[in-house]
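Quick mapping for you: the protein sequence lines, in order, are chains A and B.
Numbering of the first sequence is given in the working numbering, commencing with residue 202 and proceeding in unit increments.
Numbering of the second sequence is given in the working numbering, commencing with residue 15 and proceeding in unit increments.
Where is the CB? At the ideal position from N, CA and C, for every residue including glycine.
This one's a predicted model, so the numbers in the text were calculated from it and none came from an experiment.
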Amino acid sequence: MTSLRFLLAAALLTGAAAHAAPLKTDLAKSSVSATFKQMNVPVEAKFKTFSAQIDYDAARPDASKATVDIGTASMDLGDAEYNREVAKKEWFNTAQFPKATFVSTSIKAAGADKLNVAGKLTIKGKTADVAFPLTVKTAGKQQVFEGQLPIKRLAFNIGEGEWKDTSMVADEVVIKFRVTAGQ
Amino acid sequence: MQRYSSVAIALHWMIAILIIGTFTLGLVMTDIPGLTPTKLRYFSWHKWAGVTVLALAALRLLWRLRSRPPAYPAHMPTWQRHAAHSLHGLLYVLMFAVPLSGYFYSLAAGVPVVYFGVFPLPTLIEADAALKPTLGALHYWLNMLLAALVAVHVLAALKHLLFDRDGVMQRMLPSSKTRSFR
Numbered sequence: 202m203t204s205l206r207f208l209l210a211a212a213l214l215t216g217a218a219a220h221a222a223p224l225k226t227d228l229a230k231s232s233v234s235a236t237f238k239q240m241n242v243p244v245e246a247k248f249k250t251f252s253a254q255i256d257y258d259a260a261r262p263d264a265s266k267a268t269v270d271i272g273t274a275s276m277d278l279g280d281a282e283y284n285r286e287v288a289k290k291e292w293f294n295t296a297q298f299p300k301a302t303f304v305s306t307s308i309k310a311a312g313a314d315k316l317n318v319a320g321k322l323t324i325k326g327k328t329a330d331v332a333f334p335l336t337v338k339t340a341g342k343q344q345v346f347e348g349q350l351p352i353k354r355l356a357f358n359i360g361e362g363e364w365k366d367t368s369m370v371a372d373e374v375v376i377k378f379r380v381t382a383g384q
Numbered sequence: 015m016q017r018y019s020s021v022a023i024a025l026h027w028m029i030a031i032l033i034i035g036t037f038t039l040g041l042v043m044t045d046i047p048g049l050t051p052t053k054l055r056y057f058s059w060h061k062w063a064g065v066t067v068l069a070l071a072a073l074r075l076l077w078r079l080r081s082r083p084p085a086y087p088a089h090m091p092t093w094q095r096h097a098a099h100s101l102h103g104l105l106y107v108l109m110f111a112v113p114l115s116g117y118f119y120s121l122a123a124g125v126p127v128v129y130f131g132v133f134p135l136p137t138l139i140e141a142d143a144a145l146k147p148t149l150g151a152l153h154y155w156l157n158m159l160l161a162a163l164v165a166v167h168v169l170a171a172l173k174h175l176l177f178d179r180d181g182v183m184q185r186m187l188p189s190s191k192t193r194s195f196r
């Protein structure tokens, strides 16, 4: 909240042009996916339902904030039977945990078009601190935020019981995202 | 009677055993309900075995092109020679068509094949949800056709062994002891 107050004060001082207002996410040009290895075969699953709230101002990147909500039941592995399986208790337990969320705690400029993001990722009721770099590119009146976040699925209890075997499904999962947003 | 070359005999039986095993595994794995680690493991093994059949079939075709098979006995009716040639031709086509249809089915499903979990094989087509069921059905029916033709092939060989007693089946048997059948 302190930074928000600071931001409001800064906005008042410098005029409307410099404030970090929430951007409108363009879902048609955004995507979130998870890539993992199953017996060394790379498999990509797309999340069809997600939303992102991004406060970003190129002039003040450090004042940025981001929240992303992902509908866990919308994971699409390209096969109806597989999709039913990953909704189960052993995987995402979508009945009890319909959403995975990311909330940023700090965003820092890291050179041209680059940001270092830290925040809290919550999946299946477990929260972990994560940090990852992302790139920001301007496309017309919109900004494209793109990056990858490697996580360990077992840290979030994704794949319980016999699915804990990492020789079957690797522990490492890379979350890839591309969020397009504009004023 | 002259026998097939030992290379042809070895390739025939390796492919025969692999086809029977891969076919059976295909039926077993698709019968497992839902999704289990065992099912996924069987899918991978099935694909590795299928790729092996494809590779051996390629070797076999090359060998067949440069090494003529032994002649049929003189008394064998012409229609039987034609039937045997046609059946063998179809079996050769299916040795390629069955694994290839499975390979492309897997690619259409968005799952590339990593041979023995080590060698990634070429992703020749992108994942295609519309093409996937078509290739799945094609793979299934080519397999059923293969099973039916293998049954005819085995029955014909047994006919030569038990009724004609003309040594045609023994040409393809690996053991030298089988010569006493003649």
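| Query | Result |
| --- | --- |
| Extent of the continuous alpha helix (DSSP H) to which A:Ile255 belongs | Counting along the chain, A:Ile255 falls outside any alpha helix (DSSP H), though it belongs to the beta strand (DSSP E) covering Phe251 to Asp256. |
| Buried versus exposed call for A:Lys309 [16 or more other C-beta atoms within 10 Å across all chains shown] | exposed |
| Spatially closest choice to B:Phe118 from B:Leu104, B:Tyr154 and B:His99, by CA coordinates | B:Tyr154 |
| Where A:Leu214 falls, given that 16 or more other Cβ within 10 Å makes a residue buried | Reliability fails at A:Leu214, whose pLDDT of 47 lies under 50, so the model's placement of it is uncertain and the value that follows must be treated cautiously. When all chains shown are included, A:Leu214 counts as exposed. |
| Local conformation of B:Gly103 per DSSP, three classes | helix |
| Backbone CA spacing between A:Lys365 and B:Arg74 [nearest angstrom] | 42 angstroms |
| Cβ of A:Pro243 within 8 angstroms of any chain B Cβ | yes |
| Pairwise C-alpha distance: B:Lys53 and B:Thr44 | 8 angstroms |
| 7 angstroms Cβ shell around A:Asp227 - same chain, five flanking residues per side excluded | Gln343, Thr381, Ala382 and Gly383 |
| C-beta neighbour in chain A for B:Val42, strict 8 angstroms | no |
| Check whether B:Leu32 and B:Ala63 have beta carbons under 8 angstroms apart | yes |
| Euclidean distance between Cα positions of A:Gln239 and A:Ile255 | 33 angstroms |
| Under the three-state DSSP convention, the category B:Ser194 falls into | For B:Ser194, the predicted structure reports a pLDDT of 43, less than 50, and the residue's modelled location is therefore unreliable. A value from the coordinates is still provided. Here B:Ser194 sits in helix by DSSP. |
| From A:Val318, A:Asn294 and A:Gly312, residue whose alpha carbon lies closest to that of A:Thr273 | A:Asn294 |
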